[in-house]
Structure formats: C-alpha cells, structure tokens
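Asks: Pasting in a structure now, in structure tokens, and then I'll have a few things to ask.
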Amino acid sequence: AKLIEVNHLKKNYGNTEVLKDISAEVDQGQVICIIGPSGAGKSTFLRCLNVLEKPNSGQILFDGQNLVSLKDGKELDQLREKIGMVFQNFNLFSNMNVIENIKLAPMKVKGVSDKDAESEALSLLSKVGLKDHAQQYPASLSGGQQQRVAIARALAMHPEVMLFDEPTSALDPEMVGEVLTTMKDLAKSGMTMVVVTHEMAFAREVADQIWFMADGYLQEKGVPEEFFDHP
Ligand code: ADP
Ligand code: ADP
C-alpha cells in the first residue's frame, strides 16, 4: 500500500530553486535510499517530508492527507508524530540521560505513563544494543552509541516511517558499521525508511529502491541492480 505520495514538490530559498519538481511514491515497508551530490537538495527534501520546511508548491500525501496544505494545529501534529527523523548530528538532549531522552516525547506528547514509557524505552535500548547505558548522558557515549539512542528515541513514538538524513556522516569510521547494522535490523523488521546516505554498500544491500537526486530533481529511480550493475 502507498504510504507517501509526493506530487510536483517545489522549494525555493529566496530566488534559489532547491527542489524543482519532485514526484515520487513510497510504499509501506519499503526502504528508499536517496543518493546524489552535495547541494542536490536531499536534506531539504527530507525536511519537507517531515514538515520542518514548508514547500512553495506541490503535494505531500501522507496516509492520504496533504502535509503541505494542512495548517499548523492538532491534525498536523498528529501526522508528524507518525514520521520519525534521525539527523546527522544526533540532536539528543544533552541535559538528559539516555532513558530520559527516549521517554520524553511519548510521555509529553502521547501521555504515556512513566512506567510504560520506561519499559518501552528499555526494550528499545536492548534492540539497539544499549541496554546497559540507560543512565548515561549523551556526552559520555560514542557517536555511534548516540546515534543508536537517537534511533531508539524516534522509534519510541511508533512512527509509520523513519527518515534518516546522512545518519553516519558525522561518525568516526569505526562507528559507522554499528549504526548501519541497527538500520538493517529495522529494515528487516518491516519499517518504512527513507535514507539519505553516501553509504553505497548499504544502499545496494538494503534499499528496495534508489533515488538519485541532482540539481533539485530526482533524476533516476530504480532498484539497486540498475544503479550498481551497469556494465
Ligand atoms: P544536500 O542535502 O543534497 O547536500 P541541501 O538540501 O542541504 O542539499 O541543500 C540544497 C541547496 O539548498 C544548497 O545549495 C544549500 O546551500 C541550499 N540551502 C539549504 N538550506 C537552505 C536555507 N535554509 N537557506 C538557503 N539555502 C539553503
Ligand atoms: P547538509 O549537511 O544536510 O547538506 P548544510 O550543512 O548544507 O546541511 O546545512 C546546514 C544547515 O544550514 C541547514 O539547516 C540548512 O538548511 C542551512 N543552510 C544550508 N545552506 C544554507 C544557505 N545557503 N543559507 C542559509 N542556510 C543554509
């Protein structure tokens, strides 16, 4: 089933057209990897999908509702809760320990009880291999560990899709593998994922579709074999 449908999306910054005419679809359970050169508009596109940026025109249908035309308010907030996002720089709350970071949104936004949020957070931490780190503060963790906490935090809201914006680009090379492994597990669990990445081996192995973005357009879409096995 179709989860996201993007129609003729355009985004300008001043006179600069950053997204020029983007149309695409994401099915439930699909993993999409977006690749392409720096400055192509990949990050801007993800930020539009997560309503961090307002497009100038076009549609983003999520579960059939148009994120672009919805006014700020409860309906939009509830849709945004279904869209998890993981950033390049983790964006954890540095004044909270790991478990507090994960519990915060479910308790505050969804009214989940402390007890339920706690047990869910512990189960997510064990899923990302960090169950012994619940009481630590982000600054005492490696970059790879922080990014896995960020993934657990996003999952705590039970999103319908997870967006990743270059999740391994800020990591030391030895940390990249552990984050990609967590993402692979998530993909195997059936999560719908849209991943902006430069990790071609990951894209080749995990993506159902690869979208190549350049100069504000999705220039090419296809299965990994089409991208990587050209003669
Ligand atoms: P990518 O993720 O593919 O590297 P971005 O979406 O980050 O590309 O950026 C695309 C273009 O939009 C770049 O030229 C960038 O400088 C510009 N851009 C991104 N964000 C802003 C902004 N807030 N204001 C002005 N220009 C921006
Ligand atoms: P990325 O690493 O995703 O390509 P950038 O380093 O281009 O991101 O941008 C970092 C932040 O700066 C983003 O919030 C982006 O929107 C903003 N930004 C990027 N380019 C510009 C620009 N030319 N003018 C204003 N803000 C920008």
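Read in order, the letters of the sequence shown are residues 2 to 232 in UniProt numbering.
Backbone N, C-alpha and C define an ideal beta-carbon position, used for all residues, glycine too.
Go ahead and label Asn102 buried or exposed: buried means 16 or more other beta carbons lie within 10 angstroms of its beta carbon, across all protein chains shown.
Replies: buried
Asks: Where Glu175 and Phe203 are concerned, what is the direct C-alpha to C-alpha distance, given to the nearest angstrom?
Replies: 15 Å
Asks: So Val197 and Asp173 are supposed to be a Cβ contact under 8 Å. How far apart are they, rounded?
Replies: Val197 to Asp173, Cβ: 20 Å. No contact.
Asks: Any heavy atom of ligand 1 inside 6 Å of the beta-carbon of Thr45?
Replies: yes
Asks: Ignoring anything shorter than 3 residues, give me the beta strand (DSSP E) runs that lie fully in the stretch 142-184, in order along the chain.
Replies: 162-166
Asks: Considering only heavy atoms of ligand 1, does any lie closer than 6 Å to the CB of Ser39?
Replies: yes
Asks: For Thr45, which of helix, strand or coil comes out of DSSP?
Replies: Thr45 falls in the helix class under three-state DSSP.
Asks: CB of residue 1 to nearest heavy atom of ligand 1: below 6 Å?
Replies: Because residue 1 is not part of the residues shown, which for the chain are 2 to 232, the question remains open.
Asks: Quick one: using the 10 Å Cβ neighbour count with 16 as the cut-off for buried, is Pro168 buried or exposed?
Replies: Counting C-beta atoms within 10 angstroms of its own C-beta, Pro168 has 16 or more neighbours from the protein chains shown and is therefore classed as buried.
Asks: Would you mind stating whether Leu20 and Thr45 have Cβ atoms separated by less than 7 Å?
Replies: yes
Asks: With hydrogens ignored, establish whether the beta-carbon of Gly42 is closer than 6 Å to any heavy atom of ligand 1.
Replies: yes
Asks: What number of angstroms, rounded off, separates the C-alpha of Gly217 from the C-alpha of Gln136?
Replies: 43 Å
Asks: Which ranges does the beta strand (DSSP E) cover as unbroken runs of at least 3 residues, wholly within the stretch 58-107, from first to last along the chain?
Replies: DSSP runs (the beta strand (DSSP E)) wholly in the stretch 58-107: 58-63, 84-87.
Asks: Look at the Cβ atom of Thr193, then the Cβ atom of Val162, and state whether they are nearer than 7 Å.
Replies: yes
Asks: Closest to Ile5 by CA distance: which of Glu206, Met214, Gln29 is it?
Replies: Gln29
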